[in-house]
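Respectively, the protein sequence lines represent chains A and B.
Once you know that position 16 of the first sequence is 16 in my numbering, the rest is easy, because the numbers rise by one and skip nothing.
Just so we're on the same page, my numbering is the position in the second sequence counted from 1, plus 1000.
Even for Gly, the Cβ is constructed at its ideal location relative to N, Cα and C.
Note that the structure is predicted; figures quoted are calculated from it, not measured.
Beneath this line is the structure, given in structure tokens, with notes to follow.
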Amino acid sequence: QKEVEQNSGPLSVPEGAIASLNCTYSDRVSQSFFWYRQYSGKSPELIMSIYSNGDKEDGRFTAQLNKASQYVSLLIRDSQPSDSATYLCAVNPLSSASKIIFGSGTRLSIRP
Amino acid sequence: GAGVSQSPRYKVAKRGQDVALRCDPISGHVSLFWYQQALGQGPEFLTYFQNEAQLDKSGLPSDRFFAERPEGSVSTLKIQRTQQEDSAVYLCASSLATGAREAFFGQGTRLTVV
């Protein structure tokens, strides 16, 4: 089992709709969770971090964390074509506090 | 500088050649990470520095890979006797805090071994 799992996509969402990206992780005692956006040919860009159960909102982005289910998600409201990118879920496991472990990413495409 | 700076942006090496990749982290950032990213994959952890101390090198794929950060700022990732499977984008990230809190990435070095 991979430490961080994501559906590779592509996930196609119409412009203006809500895009929902999901991620599961295997280390139950993980403490920190991140979503990075990566445009083609560019480096990952941190867009959200979340550390406690529940929702965290920042503009059009909402991160949701459920530690009991070992599940973290990212919602993007009012999706724009500029949101088309690969979204990487990342976890900082307590067992390896110096690492951030990344999933393989979900490719999101916003169609006009 | 304002962000993490990596050089060179692109490197083509002949198989068997040694390469050195440089990372200049955000000023004052304690933590520095090196990652390797293959096409279509997420970044894979290579090594972690806290200031000048290399606290985790568990991700380095072989003893051909070596990293250093002698003064706790600039870091160099060296790959000896490059192989074709070393072709990837090498990403450096830095973080203000110790451990792995929010980390900010440089633009990466794309290494192609021919």
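The three-state secondary structure of B:Leu1039, taken from DSSP, is coil. Using beta-carbon distances, A:Lys99 counts as an interface residue toward chain B, with a partner under 8 Å. Here the alpha carbons of A:Gly54 and A:Ser98 stand approximately 25 Å from one another.
A straight line joining the alpha-carbon of B:Pro1070 with that of B:Glu1052 spans about 5 Å.
Taking CB atoms only, A:Ser32 has a neighbour in chain B less than 8 Å away. Taking the Cα positions, A:Ala19 is about 45 Å away from B:Gln1017.
Using a Cβ-Cβ cut-off of 9 Å, A:Pro10 is close to nothing in chain B; its nearest Cβ partner there is about 12 Å away. In this structure, DSSP gives B:Gln1107 a state outside helix and strand, which the three-state scheme calls coil. At a cut-off of 8 Å, the C-beta of A:Leu74 has no neighbouring C-beta in chain B.
Per DSSP, B:Ser1007 is one residue of the beta strand (DSSP E) stretching across 1005 to 1007. Take B:Phe1065, set aside five residues on each side of it, and the residues of its chain with a beta-carbon closer than 6 Å to its own are Ile1079, in chain order. When C-alpha distances from B:Thr1082 are compared across B:Val1004, B:Arg1009, B:Gln1006, B:Leu1021, the shortest belongs to B:Leu1021.
Taking 8 Å as the CB threshold, B:Tyr1010 stays off the interface with chain A. Residues of the region 1048 to 1071 of chain B with a C-beta atom less than 7 Å from some C-beta of chain A are Tyr1048, Leu1055, Asp1056, listed in chain order. In the DSSP assignment, B:Thr1098 falls outside any beta strand (DSSP E), carrying neither H nor E. Take B:Arg1110, set aside five residues on each side of it, and the residues of its chain with a beta-carbon closer than 6 Å to its own are Tyr1010, Val1089, in chain order.
Taken in chain order, the complete beta strand (DSSP E) segments of 3 residues or longer contained in the region 1021 to 1092 of chain B are 1031 to 1037, 1044 to 1050, 1053 to 1056, 1065 to 1068, 1075 to 1079. At least one CB atom of chain B sits nearer than 8 Å to the CB of A:Ser43. In the displayed model, A:Asp55 falls within a strand according to three-state DSSP. Sequence-distant partners of B:Asp1024 (beyond 5 residues in either direction) whose C-beta falls short of 6 Å from its own C-beta, in its chain, are Ser1005, Val1074. Within the model, the alpha-carbon separation for A:Phe34 versus A:Ala90 is close to 5 Å.
With 16 or more other Cβ atoms inside 10 Å of its own Cβ, B:Val1113 counts as buried.
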